[in-house]
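Accompanying notes for the structure given below.
Protein chains: 2
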Amino acid sequence: MRICEEIGIDFLHEGAREILRKAGCEVDSDTPTVRMDRDFVMEQVANAPETVTLIPRNPQRTVVFGGPWAAFGQVASPPNVSDLDGGRRTGNRKDYQDLLRLAQIFNCIHFTGGHPVEPVDLHASTRHLDALFDMLTLTDKLIHAYSLGTERVEDAMEMVRIAAGLTPEEFEAAPRMFTNINSSSPLKHDWPMLDGAMRHARRNQLVIVTPFTLSGAMAPVTLAGALAQQTAECLACLALLQLVRPGAPVAYGSFTSNVDMRSGAPAFGTPEYVRATQISGQLARYYRLPWRASNANAANCPDPQATWESAASLWACSTARANIVYHAAGWLEGGLCASFEKVVIDCEMLQQLAAYHQPVGVSEDDLAVEAIREVGPSGHFLGADHTQARYKTAFYSPFLSDWSNFETWEEGGSVETARRANRLFRRLLDEYQLPPMDPGTLEALTAFVEKRRAAGGAPTDF
Amino acid sequence: MRICEEIGIDFLHEGAREILRKAGCEVDSDTPTVRMDRDFVMEQVANAPETVTLIPRNPQRTVVFGGPWAAFGQVASPPNVSDLDGGRRTGNRKDYQDLLRLAQIFNCIHFTGGHPVEPVDLHASTRHLDALFDMLTLTDKLIHAYSLGTERVEDAMEMVRIAAGLTPEEFEAAPRMFTNINSSSPLKHDWPMLDGAMRHARRNQLVIVTPFTLSGAMAPVTLAGALAQQTAECLACLALLQLVRPGAPVAYGSFTSNVDMRSGAPAFGTPEYVRATQISGQLARYYRLPWRASNANAANCPDPQATWESAASLWACSTARANIVYHAAGWLEGGLCASFEKVVIDCEMLQQLAAYHQPVGVSEDDLAVEAIREVGPSGHFLGADHTQARYKTAFYSPFLSDWSNFETWEEGGSVETARRANRLFRRLLDEYQLPPMDPGTLEALTAFVEKRRAAGGAPTDF
Numbered sequence: 152m153r154i155c156e157e158i159g160i161d162f163l164h165e166g167a168r169e170i171l172r173k174a175g176c177e178v179d180s181d182t183p184t185v186r187m188d189r190d191f192v193m194e195q196v197a198n199a200p201e202t203v204t205l206i207p208r209n210p211q212r213t214v215v216f217g218g219p220w221a222a223f224g225q226v227a228s229p230p231n232v233s234d235l236d237g238g239r240r241t242g243n244r245k246d247y248q249d250l251l252r253l254a255q256i257f258n259c260i261h262f263t264g265g266h267p268v269e270p271v272d273l274h275a276s277t278r279h280l281d282a283l284f285d286m287l288t289l290t291d292k293l294i295h296a297y298s299l300g301t302e303r304v305e306d307a308m309e310m311v312r313i314a315a316g317l318t319p320e321e322f323e324a325a326p327r328m329f330t331n332i333n334s335s336s337p338l339k340h341d342w343p344m345l346d347g348a349m350r351h352a353r354r355n356q357l358v359i360v361t362p363f364t365l366s367g368a369m370a371p372v373t374l375a376g377a378l379a380q381q382t383a384e385c386l387a388c389l390a391l392l393q394l395v396r397p398g399a400p401v402a403y404g405s406f407t408s409n410v411d412m413r414s415g416a417p418a419f420g421t422p423e424y425v426r427a428t429q430i431s432g433q434l435a436r437y438y439r440l441p442w443r444a445s446n447a448n449a450a451n452c453p454d455p456q457a458t459w460e461s462a463a464s465l466w467a468c469s470t471a472r473a474n475i476v477y478h479a480a481g482w483l484e485g486g487l488c489a490s491f492e493k494v495v496i497d498c499e500m501l502q503q504l505a506a507y508h509q510p511v512g513v514s515e516d517d518l519a520v521e522a523i524r525e526v527g528p529s530g531h532f533l534g535a536d537h538t539q540a541r542y543k544t545a546f547y548s549p550f551l552s553d554w555s556n557f558e559t560w561e562e563g564g565s566v567e568t569a570r571r572a573n574r575l576f577r578r579l580l581d582e583y584q585l586p587p588m589d590p591g592t593l594e595a596l597t598a599f600v601e602k603r604r605a606a607g608g609a610p611t612d613f
Numbered sequence: 152m153r154i155c156e157e158i159g160i161d162f163l164h165e166g167a168r169e170i171l172r173k174a175g176c177e178v179d180s181d182t183p184t185v186r187m188d189r190d191f192v193m194e195q196v197a198n199a200p201e202t203v204t205l206i207p208r209n210p211q212r213t214v215v216f217g218g219p220w221a222a223f224g225q226v227a228s229p230p231n232v233s234d235l236d237g238g239r240r241t242g243n244r245k246d247y248q249d250l251l252r253l254a255q256i257f258n259c260i261h262f263t264g265g266h267p268v269e270p271v272d273l274h275a276s277t278r279h280l281d282a283l284f285d286m287l288t289l290t291d292k293l294i295h296a297y298s299l300g301t302e303r304v305e306d307a308m309e310m311v312r313i314a315a316g317l318t319p320e321e322f323e324a325a326p327r328m329f330t331n332i333n334s335s336s337p338l339k340h341d342w343p344m345l346d347g348a349m350r351h352a353r354r355n356q357l358v359i360v361t362p363f364t365l366s367g368a369m370a371p372v373t374l375a376g377a378l379a380q381q382t383a384e385c386l387a388c389l390a391l392l393q394l395v396r397p398g399a400p401v402a403y404g405s406f407t408s409n410v411d412m413r414s415g416a417p418a419f420g421t422p423e424y425v426r427a428t429q430i431s432g433q434l435a436r437y438y439r440l441p442w443r444a445s446n447a448n449a450a451n452c453p454d455p456q457a458t459w460e461s462a463a464s465l466w467a468c469s470t471a472r473a474n475i476v477y478h479a480a481g482w483l484e485g486g487l488c489a490s491f492e493k494v495v496i497d498c499e500m501l502q503q504l505a506a507y508h509q510p511v512g513v514s515e516d517d518l519a520v521e522a523i524r525e526v527g528p529s530g531h532f533l534g535a536d537h538t539q540a541r542y543k544t545a546f547y548s549p550f551l552s553d554w555s556n557f558e559t560w561e562e563g564g565s566v567e568t569a570r571r572a573n574r575l576f577r578r579l580l581d582e583y584q585l586p587p588m589d590p591g592t593l594e595a596l597t598a599f600v601e602k603r604r605a606a607g608g609a610p611t612d613f
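Which chain is which? The protein sequence lines are W and G, in order.
Residue numbers 152 to 613, in the working numbering, belong to the letters of the first sequence in order.
Residue numbers 152 to 613, in the working numbering, belong to the letters of the second sequence in order.
Dropping the structure here:
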C-alpha cells in the first residue's frame, strides 16, 4: 500500500491514466506514474468477485477459478519444443497442434494458458488467427488470449464468441475466456497489456495480472520486498480494471522467484519460489481474489532436477491452494522449451496431487476394526472381504509409474520414465479424437479467419 | 484403542508378556495375544518424553528427536547397491563403507539408520562387529543398532559405549544410540525385535516402533483402518517399553503405504502414502511422541519417477513435521537398492527443504520499500545497494542443479542430473576425511571386535 501511495506505478497508457485520474488518483502530467491511496485500492479490489465461473465452447468443460478449486493449464509461450526422438527445435505449428491434442486428451488439463509452443513458422501478422483456430477446434476447453495488440485481442474475443455459437450479448453475459498480463517490473504496466486487459474487462472476460518479479533482478532481493512489489503492481492494475467495469472478473497472479546470483539466470522451484508462492496464496486470500501460480523449473531436460523443481512448485501450489496453475504440464528451461515427455510426467504428478486432495474417510467401515479382528495376527488382508469390496478404487492408479521389481524392469529393457512418457504421448496422439463442432460454427469460424487473413491480420510493428 | 482392548496384539516373547501381565493386562495362557485397556495405554505412553536428545561419540553431532526438529538418516538395509558406472550389484563392504563416508560428508545427514547397504560379503555371525566398527570409525554421527538377537544388541551397545569413551554408567545417563523395530503386521511383535527393544529401553537408549502396515496387504485397504492398526501396534509396544523403564526414550514410527493392487508390490510416495504420513504426524503429536517417517519410492533407477515419489514423501514429511526421516537419502526399488546417485539427489532435496523452512523476514529492511523507491520504474535491482548488501546469502545455492541455459548445457555435454550426481559423489569420496578418534579408543574398539570375533560372534540360526 505504501508503494501504491508513495512511489506509484507507471501506466504506459493514456486512456488508463485518464480513467484513474477521473477516479481521484494522483496522475503526473509529465510522467506515466500514478499514485493511489490504500482506501481507493481496497475499495476497488473489493468489487472483484472472489470466484469466477468460466464457460468455454463446450459447457461441460466449465471451470471455476477461485475458492477451494484448482485448475491446471498446459505450458504456455515457450519458443522451443522438444521430444526424445526429435530433440530440441524451434516452435512450429505441427508441434503446437500436437501439444493442443494432448491438452485435450488429459483430463487434468483444464485450460490452455497461451500457445503451448510458439508456432514460429506462421507469419506473425496472422499467426494469432491460425493459432486460435487450432486451439478452438482441436480442444473444447477454456482458452486464453494474448494481450498483444488491439486487433489480436478483438479477433480472439470474436473467435471465442463464434466458436461457442454466441451472440455478442450472450458472450458478455459470462466469462468465456481470459487473458494474462505481466507487468514490466519494476512498477510498470505497458500499453499492449493494459489495452488488452481493459478490452477483456469491458466485455466481462477474466484478466489475470501477474507481475514479473524475479527477486534480485526486477524486484528486491528480499522475499518480503519482492512480494510487496508484486502485490502493489497487481492491485494497482486490478483497481483500474474495476473502474473499467465494476465487478469485472480478475485474478491475482504470482510469479515471484529468485535469480541465480552468480549468473542472473532465473531459477524456479527453489526454496525461495516455494515460500514466495505460499505467501502469495495468503495474500490472494486476504484480498479475496482468485489466485494464479505456476509449475516451473529451470532444467534443460526432463530429468530429476526438472522433477524436483516441478514437484516443489506443485507442492507449493497444493499446500497454498492455488486456483489457477499455469504451465502445469510441459515446461522446461525456465519456460524456453515445451517438452512432450514433461507434459506426460507433469500430468502424472497433477493427477497424484488431485488424488492426494481426496478426503480420507473415517467411518466405522473405514476404520475397519471388524476386518482387523477377522484377519487377526496370522492372516493377510489381500483376501479379506473388506479388501475385496474396495480394492478396485481404494488407491490411485498411476499411468506412468513402473512399480515392477528390478528383474522384471530389466527384462523389459530398463525403460526409464522419460522414455515411457515418450511412448505414451505417441500412443495418445494416435488415439486422439477431434472434439465435435457444429458444421455451421466451423464454417463461420473458418470464414472469420479467412476474412481477417485477407485484411492482413494484425500489425507486427509494436 | 478398540484394537488394543478388544482384539489385542501378539507379543511373541514370554518375558514381555509377563511384564504386561503383571501390569494388569489381559494375557491369554494359550496364545501370545495381549489385550490392554485404553487408560493403561494412555498412562504408559504419557510417561514417554516428548523430545529426546541423543549424543553420539562426537557430541557436536548431538541430535534432537521430537518437537520442531527434523533429523535425516541415510537409506538403511537394502540388499543391493548401484551406481551408474558399476550398475546394480549385491551389497558388499566396500560400497557399505563408501556410503558411510557420504553419510559423514553430507551435513544434511544426521544419523545412520542401519546399514546403508547390507555388506553381504561379511560372514553373518560377525558382520555386525565389522559393520559397527566401520560405522563408528568412518562416521562420528548418531548410529542405530539392529534388534536382531541378543548378542548383536549387546555388542552394539558396548561398541557405542567404547567408541564414545564412556563408562557403563555414563552410557546409560543419556541416549547415545537407537534401534528401530518393525512389528510383524498384522498385530504381532516378534521375539528378536521385542528382546532388542527391551534391552535398549532398559539402558535408556531410544527405540522407534514402526509397524509394517502396507495398506491392502498387512493392513486394511482403507487408510483409516491401516492407521488405526499402525497406532495400536505401535502404542502397545511403547506401553511395554515404558513398563520396562518408565520414561524410556521411544518414538512413534509410521510406514503406512499402499500396495499395487494389480501385483501386490509395495508402492511409496503415492497419494495414499502422503496422506497416511501426514495423518501419522497428527497422531504422533496427539500422543506427544517423537515421530519417524521415511523418504521412500518404488522406482528402479534415479529418474523422474524416483524423484517425484521421493519429493512427495519428503513434502509429506515436511508439511507434517516429521522428526526422524528414515531412508532420507539413497533409497530405490522400495528399499531393495541403495543408489549412490540417489544419495546425492536426495541430499540436494533435503538441503532445499531445510532452506525452505527458514523464516521469511518482514522487517522494514526486508520489505525494501526504500529500495523499490530508489530503483524506480526504469531501474534494475541487481546493482542496488539493498541487493549488494544481501546477495551472497539471500538465496539457497544448490550444489546439484544446473541452471545454465540450454546452449551452455549442450556445449558442456548435456550432462543430466544423475550423471552430475555420479561425478559429485566420486569427487566427495576422494576428498573424504576420517573423523578423528582417540588412539586408545580405537585400540579398545578394535580389541573388542577381535575378542568377540574369536568367540564366534552371534548365532545365525534364528
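Ideal Cβ positions, reconstructed from N, Cα and C, are used throughout, including at glycine.
From a predicted model like this one, the values you see are computed outputs, not experimental measurements.
Next on the checklist: Which same chain residues end up closer than 7 angstroms to R353/G when comparing Cβ atoms and leaving out the 5 residues on each side of it in sequence?
Outcome noted: V395 and R396
Checklist entry - Exposed or buried, K493/W, counting other C-beta atoms within 10 Å across all chains shown (16 or more means buried)? => result buried
Next on the checklist: Would G404/G and N355/G qualify as a contact pair, given that the criterion is a beta-carbon distance under 8 angstroms?
Outcome noted: no
Checklist entry - Just reading off the beta strand (DSSP E) that R240/W is part of, what are its end residues? => result G238 to T241
Item to check | chain G residues whose Cβ lies nearer than 9 angstroms to that of T421/W | outcome: Q503, A506, Y507, F546, Y547, P549 and S552
Item to check | D234/G (DSSP reduced to helix, strand or coil) | outcome: strand
Checklist entry - When DSSP labels each residue in this structure, what does R439/G get in the three-state scheme? => result coil
Next on the checklist: For V425/G, would you say it is in contact with chain W, using Cβ-to-Cβ distances shorter than 8 angstroms as the test?
Outcome noted: yes
Checklist entry - Got a sec: is the Cβ-Cβ distance from F162/W to anything in chain G below 8 angstroms? => result no
Checklist entry - Buried or exposed: where does D291/G fall if 16 or more other Cβ atoms within 10 Å of its Cβ makes it buried? => result buried
Checklist entry - Q195/W: which of P219/W, I206/W, L280/W and A399/W sits nearest, CA to CA? => result A399/W
Next on the checklist: Could you check whether A402/W and I294/W sit closer than 8 angstroms to each other, using their CB atoms as the reference points?
Outcome noted: no
Checklist entry - When DSSP labels each residue in this structure, what does L299/G get in the three-state scheme? => result coil
Item to check | Three-way DSSP call (helix, strand, coil) for P274/W in this model | outcome: In the sequence as presented, Pro is not what sits at residue 274/W; that position holds His. H274/W falls in the coil class under three-state DSSP.
Checklist entry - With a CB to CB cut of under 7 angstroms and the five nearest residues on each side skipped, what residues in its chain are close to F613/W? => result Low confidence applies here, because F613/W scores a pLDDT of 49, under 50, leaving its location unreliable; read the following figure in that light. Excluding positions up to five away in sequence, the list reads G300 and P343.
Item to check | Coil, strand or helix - Y247/W by DSSP | outcome: helix
Next on the checklist: Below 7 angstroms on C-beta distance, what does Y403/G contact in chain W?
Outcome noted: Ordered by position in chain W, no residue passes the 7 angstroms Cβ test against Y403/G, which lies about 18 angstroms from the chain.
Next on the checklist: I need the boundaries of the beta strand (DSSP E) containing L392/G, first residue and last residue.
Outcome noted: Where L392/G is concerned, there is no enclosing beta strand (DSSP E), although the alpha helix (DSSP H) it sits in stretches over L374 to V395.
Item to check | As assigned by DSSP and simplified to three states, the class of W220/G | outcome: coil
Checklist entry - Between I160/W and A383/W, which are expected to be in contact by the criterion C-beta below 8 angstroms, what is the C-beta distance as a whole number of angstroms? => result 7 angstroms
Checklist entry - Quick one: what's I294/W bridged to in DSSP? => result T263/W
Item to check | Selection from E561/W, I359/W and G564/W that minimises the alpha carbon distance to Y477/W | outcome: I359/W
Checklist entry - Tell me which same chain residues have a C-beta within less than 6 angstroms of the C-beta of S112/G, skipping the five on either side of it? => result Because chain G spans 152 through 613 in this model, residue 112/G falls outside it and cannot be assessed.
Next on the checklist: Quick check on the DSSP output: what are the complete alpha helix (DSSP H) runs of length 4 or more inside the segment 498-555 of chain G, in order along the chain?
Outcome noted: 515-518, 520-526, 536-539 and 542-545
Checklist entry - Are A314/G and L596/G close, meaning C-beta to C-beta below 8 angstroms? => result yes
Checklist entry - What are the residues of the segment 316-346 of chain G that lie near chain W, defined by any Cβ-Cβ distance shorter than 8 angstroms? => result P337, L338 and K339
Checklist entry - Out of D346/W, V372/W, T213/W and L235/W, which has the shortest C-alpha to C-alpha gap to T544/G? => result V372/W
Checklist entry - Since A370/G contacts T407/G with CB under 8 angstroms, what's their CB separation in whole angstroms? => result 7 angstroms
Checklist entry - Closest to N573/G by CA distance: which of A390/G, A387/G, R436/G and D497/G is it? => result D497/G
Next on the checklist: Short of 9 angstroms Cβ to Cβ, which residues in the segment 369-403 of chain W face chain C?
Outcome noted: Absent from the structure: chain C. Protein chains present are W and G.
Next on the checklist: On the CB-based measure, 16 or more other CB atoms within 10 Å of its CB, does E594/W come out buried or exposed?
Outcome noted: exposed
Checklist entry - So what's H164/W in DSSP terms, helix, strand or just coil? => result coil
Checklist entry - If you run the structure through DSSP and keep just helix, strand and coil, what is T184/G? => result strand
Checklist entry - Can you tell me whether DSSP reads C488/G as helix, strand or coil? => result strand
Item to check | Partners in chain G for A487/W, counting only beta-carbon separations shorter than 8 angstroms | outcome: Just to set this straight, residue 487/W is Leu in the shown sequence, not Ala. Neighbours of L487/W on chain G, chain order: N556 and F557.
Next on the checklist: Give me the DSSP bridge partner(s) of K339/G.
Outcome noted: D161/G
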